[in-house]
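*Asks:* Using mature numbering (1 follows the signal peptide of the UniProt record, and there is no 0), the first residue of the sequence shown is number 324, and each one after it goes up by one.
One structure follows; several queries about it will come next.
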Amino acid sequence: QAKEAGRGGFCFFAPEMNARLMERRAMELDLRSAMANGELFLHYQPQVDVRTGAVIGAEALLRWNRPGYGPIPPTHFIALAEEIGMVGPIGAWVLQEACRVAATWPDPIGVAVNVSPVQFRQPGFHATLEAALRASGLAPSRLELEITEGVLLHNTDATLAGLNRIRALGVRIAMDDFGTGHSSLGYLQKFRFDKLKIDRSFVETLDGDANAAAIVRAVVGLSEALGLTANAEGVETAAQVALLRAEGCTEVQGYLFGRPMPAEAFGQLLRAGGTVPR
Ligand code: C2E
Ligand code: MG
Ligand code: MG
Ligand code: MG
Numbered sequence: 324q325a326k327e328a329g330r331g332g333f334c335f336f337a338p339e340m341n342a343r344l345m346e347r348r349a350m351e352l353d354l355r356s357a358m359a360n361g362e363l364f365l366h367y368q369p370q371v372d373v374r375t376g377a378v379i380g381a382e383a384l385l386r387w388n389r390p391g392y393g394p395i396p397p398t399h400f401i402a403l404a405e406e407i408g409m410v411g412p413i414g415a416w417v418l419q420e421a422c423r424v425a426a427t428w429p430d431p432i433g434v435a436v437n438v439s440p441v442q443f444r445q446p447g448f449h450a451t452l453e454a455a456l457r458a459s460g461l462a463p464s465r466l467e468l469e470i471t472e473g474v475l476l477h478n479t480d481a482t483l484a485g486l487n488r489i490r491a492l493g494v495r496i497a498m499d500d501f502g503t504g505h506s507s508l509g510y511l512q513k514f515r516f517d518k519l520k521i522d523r524s525f526v527e528t529l530d531g532d533a534n535a536a537a538i539v540r541a542v543v544g545l546s547e548a549l550g551l552t553a554n555a556e557g558v559e560t561a562a563q564v565a566l567l568r569a570e571g572c573t574e575v576q577g578y579l580f581g582r583p584m585p586a587e588a589f590g591q592l593l594r595a596g597g598t599v600p601r
């Protein structure tokens, strides 16, 4: 990173590094206007009760239709949005749009929205959240925020107060990518989550890896003991479903049950009965 090197007092750029910086600068300019140009959109991935095949909600996943590049996944631009101060406005748009769309689904089908640590720490976040609920008329119980350990890493008291204020609204809080952080268990003691999302890396290795199976079993047991829901992310095979079911995991999400899809397609899935083959 040029900024880091610059701290040493000097830095120079190799030609390929210069090209990378120019590409980043171009992406930054494009990203600054992406929202106003209507280039952002959300896909919705079904969340399923594995016992019945019922679709119980969807996770909203952000996409950017960057001109000349096609749809860009969030992993390629969220960090940049955080750095250039755009994650607040973009995150506010995601909340508004997800709540607006979810309000058209039958009650109690809910929507889960990812919140970045930088977005969460912004002073206006709570007001943005309340505004999205008010404008859409969505019942707070149908909204879930997915946070990662990055949210809990700093400002512990302020963070906990912020999370408690959100839960007091009736909005649920899920811990995303559970098991990949540094002290996930410590966070469980400090804050009362509604859901743990077992990271895809554990689900991926479930068939064949006894350790992964033991970890999933432990997380499901932990969730039960704490009165939380366990959700297994990234389910791709029937064998994984069988193992998850055997471990008592009830909520699943993954390509096997449905890829992230446009709002119209998810609405259609609900109108067609709201179940998927299991
Ligand atoms: P995440 O919240 O853990 O989302 C799950 C990711 O796994 C999504 O990638 C989803 O498309 C992918 N996925 C779901 N099922 C499967 C599967 O069966 N197999 C495989 N290989 N992948 C699966 P996506 O959409 O590229 O999002 C990546 C990450 O970007 C998300 O991870 C989340 O952390 C972040 N993100 C997405 N939307 C937003 C947003 O609106 N705001 C913020 N701040 N972050 C977002
Ligand atoms: Mg998520
Ligand atoms: Mg995740
Ligand atoms: Mg992830």
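We treat Cβ as the ideally placed atom computed from N, Cα and C, and that holds for glycine.
#1: Below 8 Å on the Cβ atoms is my guess for residue 602 versus K520; work out the distance and round it to an integer in Å.
#2: Could you give the distance in angstroms between the alpha-carbon of G509 and the alpha-carbon of S546?
#3: Is K520 a contact residue of ligand 3, with contact defined as CB to any heavy atom under 6 Å?
#4: Quick one: what's got a C-beta closer than 8 Å to A377's C-beta in the same chain, skipping five residues either side?
#5: Can you list, in chain order, every residue whose CB sits closer than 5 Å to a heavy atom of ligand 2?
#6: By the three-class DSSP mapping on this structure, what secondary structure does P440 have?
#7: Using the Cα positions of E351 and R389, report the straight-line distance between them to the nearest angstrom.
#8: Helix, strand or coil: how does DSSP classify D353 here?
#9: Taking C-alpha atoms, which residue in V575, A383 and G473 lies nearest to E366?
#10: Taking only heavy atoms of ligand 3 into account, decide whether any of them is closer than 6 Å to the Cβ of E556.
#11: If we ignore side chains and look at the alpha-carbon of each, how far apart do E472 and V494 end up?
#12: Closer than 6 Å by C-beta to V438: which residues in its own chain qualify, once you throw out the five before and the five after it? Chain order, please.
#13: Could you name the residues of the same chain whose beta carbon sits closer than 8 Å to that of V539, not counting the 5 residues immediately before and after it, in chain order?
#14: Less than 6 Å separating the Cβ of V575 from some heavy atom of ligand 1?
#15: Exposed or buried, which one is E587 when buried takes at least 16 other CB atoms within 10 Å?
#16: Between which two residues does the alpha helix (DSSP H) carrying R423 extend?
#17: Take G460 and list the residues in its own chain whose beta-carbon comes closer than 6 Å to its own, dropping the five residues that flank it on each side.
#18: Suppose the cutoff is 6 Å on Cβ atoms and the five residues either side in sequence are ignored; what does the same chain contact list for R423 look like?
*Replies:* Reading from the atomic positions:
#1: Since the first residue of the chain shown is 324 and the last is 601, residue 602 is not available in this structure.
#2: 14 Å
#3: yes
#4: V371, G597 and T598
#5: N437, E469 and D499
#6: helix
#7: 11 Å
#8: helix
#9: Residue identity check: residue 366 is His in the sequence provided, not Glu. When only C-alpha atoms are compared, the closest one is A383.
#10: yes
#11: 18 Å
#12: L468 and I470
#13: I521, F525, V526, L529, A555, L566, L567, E570 and C572
#14: no
#15: exposed
#16: V410 to A425
#17: A426
#18: S459
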